[in-house]
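Trainee: Line by line, the protein sequences are chains B and L.
For the first sequence, my numbering begins at 203 and goes up steadily by one.
For the second sequence, my numbering begins at 1164 and goes up steadily by one.
Every residue, glycine too, gets a C-beta built ideally from N, C-alpha and C.
Mind having a look at this structure? Questions to follow.
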Amino acid sequence: DAGVIQSPRHEVTEMGQEVTLRCKPISGHDYLFWYRQTMMRGLELLIYFNNNVPIDDSGMPEDRFSAKMPNASFSNLKIQPSEPRDSAVYFCASSLGKSIYGYTFGSGTRLTVV
Amino acid sequence: QKEVEQDPGPLSVPEGAIVSLNCTYSNSAFQYFMWYRQYSRKGPELLMYTYSSGNKEDGRFTAQVDKSSKYISLFIRDSQPSDSATYLCAMNKAAGNKLTFGGGTRVLVKP
């Protein structure tokens, strides 16, 4: 099992540009989560999906952020336009069933907006 | 006030010592508790999970939950330099799907 795969590992972009982060969950997992981690705020849940359907996007900070899951093996998180305060590590995680036993995280995408 | 509080550290201990970590929480709806370990520039990985109050042991790791005090702990016995990482507590409500994380405690085990 390859685990949760995220790409790219690092992204440096200029303010105002569109950024797309990608995630491939573990095969067979039916829940997918997007988190953001910063020193100041720790790990924050942005949005999660169940069977490809967005369930809760209350953590998405602004309309500049959007996420989709077109099929069970892929999700993306877009930021348009990007701002320096979006700089963070973005993690994708997946789980089988409800997360009472925790999730499996990917290695993250480190985003720097200059 | 955050729902889950965790001392950020760093906590520095000599190799072989016991590492003691803890989190407090404010919401009694939290029923499931986990500890994650996160190495630098890696994603968090699940170490232990527990549901009921009491102790749970797994090798060198012991997790404790005290629901009456809203307090959870993780102990690492015979600590090794490879245990140097950030440890995050996480918790979930009974019917929920969203883990709420503490801010993490950075641990450094010195050889």
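1) Any C-beta of chain B sitting closer than 8 Å to the C-beta of tyrosine 1212 of chain L?
2) At a CB distance below 8 Å, what residues from the stretch 1197 to 1212 of chain L approach chain B? Give them in sequence order.
3) Quick check on serine 296 of chain B: does DSSP put it in helix, strand or coil?
4) Mind checking the stretch 1241 to 1256 of chain L against chain B and listing, in chain order, the residues whose C-beta falls within less than 8 Å of any C-beta there?
5) What would DSSP say about serine 1232 of chain L, mapped onto helix, strand or coil?
6) What does a CB cutoff of less than 7 Å around aspartate 1241 of chain L pick up in its chain, not counting 5 residues either side in sequence?
7) Under three-state DSSP, which class holds serine 1245 of chain L?
8) Can you list the residues of chain L that lysine 300 of chain B reaches, using a CB-CB cut of under 7 Å?
9) Assuming glycine 205 of chain B is part of the beta strand (DSSP E), what are its boundary residues?
10) Based on the DSSP output, what are the partners of serine 1175 of chain L in its beta bridges?
11) Ordered along the chain, which non-local residues of its own chain (more than five positions away) have a Cβ less than 6 Å from that of phenylalanine 1264 of chain L?
12) Taking the continuous beta strand (DSSP E) assigned at glutamate 213 of chain B, which residues delimit it?
13) Using a C-beta to C-beta distance shorter than 8 Å, which residues of chain L count as neighbours of tyrosine 305 of chain B?
14) Are the C-beta atoms of glycine 1222 of chain L and some chain B residue less than 8 Å apart?
15) What does glutamate 1166 of chain L pair with, by DSSP beta-bridge criteria?
Mentor: Walking through what the data contain:
1) Here residue 1212 of chain L refers to the residue found at position 49 of the second sequence. Yes, tyrosine 1212 of chain L counts as interfacial toward chain B.
2) Within the stretch 1197 to 1212 of chain L, the residues whose Cβ lies closer than 8 Å to some Cβ of chain B are Met1197, Tyr1199, Arg1204, Lys1205, Gly1206, Pro1207, Glu1208, Leu1209 and Tyr1212, listed in chain order.
3) Residue mapping note: residue 296 of chain B aligns to position 94 of the first sequence, counting from 1. Note: serine 296 of chain B maps to strand in three-state DSSP.
4) Taking 8 Å as the Cβ-Cβ cut-off against chain B, the residues of the stretch 1241 to 1256 of chain L that qualify are Leu1251, Ala1253 and Asn1255.
5) If you number the second sequence from 1, residue 1232 of chain L lands on position 69. Correct three-state label for serine 1232 of chain L: coil.
6) Walking along the second sequence from the start, residue 1241 of chain L turns up at place 78. Contacts found: Gly1179 and Arg1223.
7) The residue given as residue 1245 of chain L occupies position 82 in the second sequence. The DSSP-derived three-state label of serine 1245 of chain L is helix.
8) Locating residue 300 of chain B in the first sequence gives position 98, counting from the first residue. Result: Asn1260.
9) Here residue 205 of chain B corresponds to residue number 3 of the first sequence, with the count starting at 1. Element bounds for glycine 205 of chain B: n/a, residue is neither H nor E.
10) Sequence index remark: in the second sequence, residue 1175 of chain L carries index 12 (1-based). DSSP lists L:Leu1271 as partners of serine 1175 of chain L.
11) On the second sequence, residue 1264 of chain L is found 101 positions in, with the first residue counted as 1. Cβ-Cβ distances below 6 Å link phenylalanine 1264 of chain L to Leu1251 and Ala1253 in the same chain, with the five nearest sequence neighbours on each side left out; the list follows chain order.
12) Taking the first sequence and counting its residues from 1, the one referred to as residue 213 of chain B is at position 11. First-last of the beta strand (DSSP E) with glutamate 213 of chain B: 212 to 215.
13) Within the first sequence, the letter at position 103 stands for residue 305 of chain B. What tyrosine 305 of chain B touches in chain L: Leu1209 and Leu1262.
14) As a working mapping, residue 1222 of chain L is identified with position 59 in the second sequence. Under the Cβ criterion of 8 Å, glycine 1222 of chain L is not counted among the residues facing chain B.
15) Against the second sequence, residue 1166 of chain L aligns to sequence position 3. Paired residues: none, contrary to the question.
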